[in-house]
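S.K.: Numbered per our numbering, the sequence shown spans residues 2 to 158. Below is one structure. I have some questions about it.
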Amino acid sequence: MNQGLRLRSAEPDDYDRIVGVVDDWWGRPVRSILPRLFLDHFHRTSLVAEDGDGLAGFLIGLLSPSMPDAAYIHFVGVAPRLRGNGLARLLYERFFDLAVAEHRTTVKAITSPQNRASIAFHTAMGFTVTGPVADYDGPTVDRVVFQRRLSADAQPH
C-alpha cells in the first residue's frame, strides 16, 4: 500500500472531483448512478483516499435509516493506477469499522451480473452472493445482491 495514502471522511465538496473521474475510471458512463445527494447527505459515512497524485479512491456508503441493523455500500472506486494494491479492501474494512461502531450487523451492496470483478471481490471479502435477482431494479434490470455479517468485536484497522 502506498505510504503517502491518506484516508478520510468524505465532504460534500468532494462530489465534483469524484464524479469528474468515474466515467474514465470505469471506461463507460456511470456518473448517473452517483447523484450529488449521496455526498450531500451521506458524506459522514463515505470515505475518500488521496495520495500525492490526488484522488486515489472513494467509497460511498450509508447507514440505512429504515433498517437499523444494516449499512449499505453504494459505490466504490479506485484509480486505475492503484488497482490491485489493497486500497478497495482498506476502504471496505474502514467502512465495516464505521458500521460496527454504529451498531450495524450487516453490510449490503449490489452490482450488475456482468460485473465479474465486483462479484469476485465481494466474494473474497466474505459477502454472500445472491442472484442475479431478476428485475431487482425494475423490469429487465437484474442485480447481484451481496450481504456480509459484521462481527461486533471487529478490530479497527
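Note that beta-carbon positions come from the ideal geometry of N, C-alpha and C, so glycine has one too.
(1) Give the secondary structure of E94 by DSSP, where H, G and I count as helix, E and B as strand, and everything else as coil.
(2) Taking A71 as the reference, give the member of F43, D98, V108 with the closest Cα.
(3) Buried or exposed: D24, going by 16 or more other Cβ atoms within 10 Å of its Cβ?
(4) Which first and last residues belong to the beta strand (DSSP E) in which V130 is found?
(5) Per DSSP, which one or two residues make a beta bridge with V146?
(6) Per the DSSP calculation, I61 is bridged to which residue(s)?
(7) Rounded to the nearest angstrom, what separates P13 and T141 at their Cα positions?
(8) Should P104 go down as buried or exposed, given a rule of 16 or more other Cβ atoms within 10 Å for buried?
(9) For P157, which residues from the same chain have a beta carbon less than 7 Å from its beta carbon, with the 5 sequence-adjacent residues on both sides left out?
M.R.: Taking the geometry as given:
(1) On the sequence shown, position 93 is the one that residue 94 refers to. In this structure, E94 counts as helix in the three-state DSSP scheme.
(2) One-based indexing of the sequence shown puts residue 71 at position 70. Ranked by Cα distance from A71, the options F43, D98, V108 are led by V108.
(3) Taking the sequence shown and counting its residues from 1, the one referred to as residue 24 is at position 23. When all chains shown are included, D24 counts as exposed.
(4) Translated into the one-based positions of the sequence shown, residue 130 becomes position 129. First-last of the beta strand (DSSP E) with V130: 129 to 134.
(5) For the purposes of this step, residue 146 is taken as residue 145 along the sequence shown, with counting starting at 1. Among the bridge pairs identified by DSSP, V146 is matched with I111, T131.
(6) One-based indexing of the sequence shown puts residue 61 at position 60. DSSP lists F76 as partners of I61.
(7) Reading the sequence shown from its first residue, position 12 is the one you call residue 13. Reading the sequence shown from its first residue, position 140 is the one you call residue 141. Note on geometry: alpha-carbon atoms of P13 and T141 lie some 33 Å from one another.
(8) Here residue 104 refers to the residue found at position 103 of the sequence shown. A small correction: the amino acid at residue 104 is His; Pro does not occupy that position in the sequence shown. The residue in question, H104, is exposed, as its Cβ has fewer than 16 Cβ neighbours within 10 Å.
(9) Residue 157 sits at position 156 when you count from the first residue of the sequence shown. Caution applies to P157, whose pLDDT of 47 falls short of 50 and renders its modelled position unreliable; the model cannot decide the point.
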